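Colleague: Numbering (UniProt numbering), first residue to last: 1 to 204. C-beta atoms are modelled at their ideal positions from N, C-alpha and C, and glycine is treated no differently. For clarity, every value in this text was computed on a predicted model and none was experimentally measured.
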């Protein structure tokens with residue numbers, strides 16, 4: 001068998017492809033009908049979705065029609081179309097994989113941001129309630145607790161600044177904490193969170 005015979009199409013296919021290259025619509029429709037079922041089955045085997053498989057076959061034939069004048073088929077029409085379907089199916093799978101990875105990454109980031117936002121909002125709400133609770137304390141007690149809570153001063157530093165004893169500072173803190181606990185308990189606040197917030201800033 002000569003090289004020319006080896007890579008030439010059967011007579012019937014040669015005539016059909018020649019007509020398609022000449023933009024013969026009837027020849028194109030004939031090509032489409034002859035190979036549609038087989039190509040759809042092939043695409044479906046890769047993508048597993050009927051609408052997607054149909055779209056892949058449609059797109060392959062649409063490309064063939066648009067590029068008909070440049071169509072070059074050397075082995076067989078069946079092999080040429082099958083390869084086109086496989087390539088298109090693999091490209092679809094690759095794109096979907098990339099899309100899914102991007103979506104997963106986005107959801108992961110979004111979920112983290114939402115979680116952090118909720119935590120921040122929760123802390124802000126708790127601190128706001130703490131401020132309101134402190135407003136009901138006697139002035140000197142409130143001042144002591146403010147210095148401890150917001151300036152992170154130690155008890156000895158507070159005593160020196162207010163010119164009072166460390167014991168008096170402790171008494172104010174103890175009294176203030178009890179009053180805050182009573183107030184926040186009525187507001188159904190979490191006492192454990194309050195303890196963590198207050199003791200985090202109270203110097204020893």
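Assign residue 20 to buried or exposed, taking buried as 16 or more other Cβ atoms, counted over all protein chains shown, within 10 Å of its Cβ.
Modeller: buried
Colleague: How would you label residue 176, buried or exposed, when you count the other beta carbons within 10 angstroms and need 16 or more for buried?
Modeller: Residue 176 comes out buried.
Colleague: Taking residue 148 as part of the alpha helix (DSSP H), name the residues at either end of that continuous run.
Modeller: 139–150
Colleague: For residue 108, does the three-state DSSP call read helix, strand or coil?
Modeller: helix
Colleague: Given a cut-off of 8 Å, decide if residue 142 and residue 134 are closer than it, judged by their beta-carbon atoms.
Modeller: yes
Colleague: Using the C-alpha atoms, what's the distance from residue 30 back to residue 24?
Modeller: 10 Å
Colleague: Label residue 5 either buried or exposed according to how many other C-beta atoms from any shown protein chain fall within 10 Å of its C-beta, with 16 as the threshold for buried.
Modeller: Because the pLDDT at residue 5 is just 41, under 50, the model does not fix this residue reliably, and the value given afterwards should be weighed accordingly. Label assigned to residue 5: exposed.
Colleague: If you follow the alpha helix (DSSP H) that residue 53 is part of, which residue opens it and which one closes it?
Modeller: 50–66
Colleague: Which one of 157, 34, 54 and 35 has the shortest CA to CA distance from residue 43?
Modeller: 54
Colleague: Take residue 151 and list the residues in its own chain whose beta-carbon comes closer than 8 Å to its own, dropping the five residues that flank it on each side.
Modeller: none
Colleague: What is the residue span of the alpha helix (DSSP H) that residue 155 lies within?
Modeller: Unbroken alpha helix (DSSP H) run through residue 155: 155–162.
Colleague: Compute the Euclidean distance between the alpha carbons of residue 26 and residue 104, then round it to the nearest angstrom.
Modeller: 46 Å
Colleague: When DSSP labels each residue in this structure, what does residue 73 get in the three-state scheme?
Modeller: coil
Colleague: Taking the straight line between their C-alpha atoms, what separation do you get for residue 94 and residue 87?
Modeller: 11 Å
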